[in-house]
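Engineer:
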Amino acid sequence: MSRQRYSEGSSGDAAASHHEKPNRGLKLTSERGALLVLCALLAAALIVIYRLSEFTLLHFSFVFLESHQTFQTLKEENEALRKDLSDENKAEALWERHGGKYYYFSTMKSSWIKSRDECRRKGGDLVKINSREEQRFLEIRVRDKMEEDEDKFWIGLTDSEEQGSWLWADGSPLDTRFTFWNGHEPDNWREGNPDGEDCVRMGMRGGAEDLKCWFDKVCAVPHRSICEKEAGSDYPEFSESLGGIL
Ligand SMILES: [Ca+2]
Ligand SMILES: [Ca+2]
Numbered sequence: 048m049s050r051q052r053y054s055e056g057s058s059g060d061a062a063a064s065h066h067e068k069p070n071r072g073l074k075l076t077s078e079r080g081a082l083l084v085l086c087a088l089l090a091a092a093l094i095v096i097y098r099l100s101e102f103t104l105l106h107f108s109f110v111f112l113e114s115h116q117t118f119q120t121l122k123e124e125n126e127a128l129r130k131d132l133s134d135e136n137k138a139e140a141l142w143e144r145h146g147g148k149y150y151y152f153s154t155m156k157s158s159w160i161k162s163r164d165e166c167r168r169k170g171g172d173l174v175k176i177n178s179r180e181e182q183r184f185l186e187i188r189v190r191d192k193m194e195e196d197e198d199k200f201w202i203g204l205t206d207s208e209e210q211g212s213w214l215w216a217d218g219s220p221l222d223t224r225f226t227f228w229n230g231h232e233p234d235n236w237r238e239g240n241p242d243g244e245d246c247v248r249m250g251m252r253g254g255a256e257d258l259k260c261w262f263d264k265v266c267a268v269p270h271r272s273i274c275e276k277e278a279g280s281d282y283p284e285f286s287e288s289l290g291g292i293l
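As structure tokens, this is what we get:
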């Protein structure tokens, strides 16, 4: 009985063993398959992560470059602005304030009309003298700056439109209460120039008696000049009445 059972048991185990072999092979194949799928998924994940990191790196590179360029642009704009302000301050520092006006005494010499153009380019015009006090201030300043007798300064007075009819650069007539002609001036001296003298220069190196230091002179002669502008007004309106005459 027991032998039979043993025999049955043995034959049963054999049968089980016989059936297990293909199952194990199948199991191994499934595991390998799963492993391959896992590896493939892992590889795909790694590729995705790599691409994402590549994209992120590229994106940040662009952002960095863009930020850097913006910073550089702002830096350059800031430097240009600082330079403009610095140049403006330097130019403003050359103007002398007196009695609510600014005055600029040029160092370069040029004709009356070119001197006027330069004054207008600076936001003013050749000086208009309309008080004794203003003449006194200018006479002293010019005297200090003169190194030679002929080292005089153009002012904004001319009779180029009509001989003997003296007008300021803004078109207003000369107020006879405030004239400071020297000696026999204006004499419209024609020697060497048949057109006479139509522009006015001022200054006497040793100082002028009773402030009288105005001289009419040929407009083309190069001289230094005095520009004037309103304090606080960089771009005053100017008269076109004398434009293109000289
Ligand atoms: Ca004249
Ligand atoms: Ca003269």
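Residue numbering for the sequence shown follows the working numbering, beginning at 48 and increasing consecutively. Every residue, glycine too, gets a C-beta built ideally from N, C-alpha and C. If you're wondering where the values come from, they're calculated on a predicted model, not measured in any experiment.
Check each candidate in L204, D191, S178 and G171 and name the one with the smallest Cα separation from E275.
Structural biologist: For the purposes of this step, residue 275 is identified with residue 228 of the sequence shown, where counting begins at 1. Closest option to E275, Cα to Cα, is G171.
Engineer: Compute every distance between the C-beta of N240 and the non-hydrogen atoms of ligand 1, then say whether any falls below 8 angstroms.
Structural biologist: Residue numbering aside, residue 240 sits at position 193 when the sequence shown is read from its first letter. Not under cutoff, so the answer is no.
Engineer: By the three-class DSSP mapping on this structure, what secondary structure does G170 have?
Structural biologist: Reading the sequence shown from its first residue, position 123 is the one you call residue 170. Here G170 sits in coil by DSSP.
Engineer: Please report how far the alpha carbon of A278 lies from the alpha carbon of H115, in whole angstroms.
Structural biologist: Numbered from 1 along the sequence shown, position 231 holds the residue referred to as residue 278. Numbered from 1 along the sequence shown, position 68 holds the residue referred to as residue 115. So the alpha carbons of these two residues sit roughly 42 angstroms apart.
Engineer: For a test of the three-state rule: what should DSSP assign to F184, helix, strand or coil?
Structural biologist: By one-based count along the sequence shown, residue 184 stands at place 137. Reduced to three states, the DSSP call for F184 is helix.
Engineer: Nearest-angstrom Cα distance between F200 and D245?
Structural biologist: Taking the sequence shown and counting its residues from 1, the one referred to as residue 200 is at position 153. Taking the sequence shown and counting its residues from 1, the one referred to as residue 245 is at position 198. Whole-angstrom Cα-Cα distance: 14 angstroms.
Engineer: Quick one: Cα of K130 to Cα of E124, how far?
Structural biologist: As a first step, residue 130 is located in the sequence shown; it is residue number 83 there, counting from the start. As a first step, residue 124 is located in the sequence shown; it is residue number 77 there, counting from the start. If I take the Cα positions, the gap works out to 10 angstroms.
Engineer: What is the DSSP secondary structure of K161, reduced to helix, strand or coil?
Structural biologist: Here residue 161 corresponds to residue number 114 of the sequence shown, with the count starting at 1. In this structure, K161 counts as helix in the three-state DSSP scheme.
Engineer: Leaving out five residues before and five after G80 in sequence, what residues of the same chain have Cβ atoms less than 6 angstroms from its Cβ?
Structural biologist: Residue 80 sits at position 33 when you count from the first residue of the sequence shown. Taken in chain order, the list of residues that qualify is empty.
Engineer: Measuring CB to CB, does L146 end up less than 9 angstroms from E180?
Structural biologist: Within the sequence shown, the letter at position 99 stands for residue 146. Within the sequence shown, the letter at position 133 stands for residue 180. In the sequence under discussion, the amino acid at residue 146 is Gly, which differs from the Leu named in the question. Yes, Cβ-Cβ distance for G146 and E180 is below 9 angstroms.
Engineer: Which value, in whole angstroms, describes the spacing of the CA atoms of Q119 and C166?
Structural biologist: As a first step, residue 119 is located in the sequence shown; it is residue number 72 there, counting from the start. As a first step, residue 166 is located in the sequence shown; it is residue number 119 there, counting from the start. Straight-line Cα distance between these residues: approximately 37 angstroms.
Engineer: State the start and end residues of the unbroken beta strand (DSSP E) segment that holds H145.
Structural biologist: The residue labelled residue 145 in the question sits at position 98 within the sequence shown. Where H145 is concerned, the enclosing beta strand (DSSP E) stretches over E143 to H145.
Engineer: Is N235 a contact residue of ligand 1, with contact defined as CB to any heavy atom under 8 angstroms?
Structural biologist: Residue mapping note: residue 235 aligns to position 188 of the sequence shown, counting from 1. Yes, the beta carbon of N235 sits closer than 8 angstroms to at least one heavy atom of ligand 1.
Engineer: Where do the N-terminal and C-terminal ends of the beta strand (DSSP E) with D263 fall, by residue?
Structural biologist: Counting from one through the sequence shown, the residue named residue 263 turns up at place 216. Its beta strand (DSSP E) spans residues W261 to K264.
Engineer: Specify the secondary structure class of F152 as computed by DSSP and reduced to three states.
Structural biologist: The count along the sequence shown starts at 1 and reaches residue 152 at position 105. In this structure, F152 counts as strand in the three-state DSSP scheme.
Engineer: May I ask you to check if the CB of K264 is nearer than 8 angstroms to at least one heavy atom of ligand 2?
Structural biologist: In the sequence shown, residue 264 corresponds to position 217, counting from 1. Checking the Cβ of K264 against ligand 2 gives yes.
Engineer: Whose C-alpha, out of V268, L105, S100 and K259, is nearest the C-alpha of R183?
Structural biologist: On the sequence shown, position 136 is the one that residue 183 refers to. Nearest of V268, L105, S100 and K259 to R183, Cα basis: K259.
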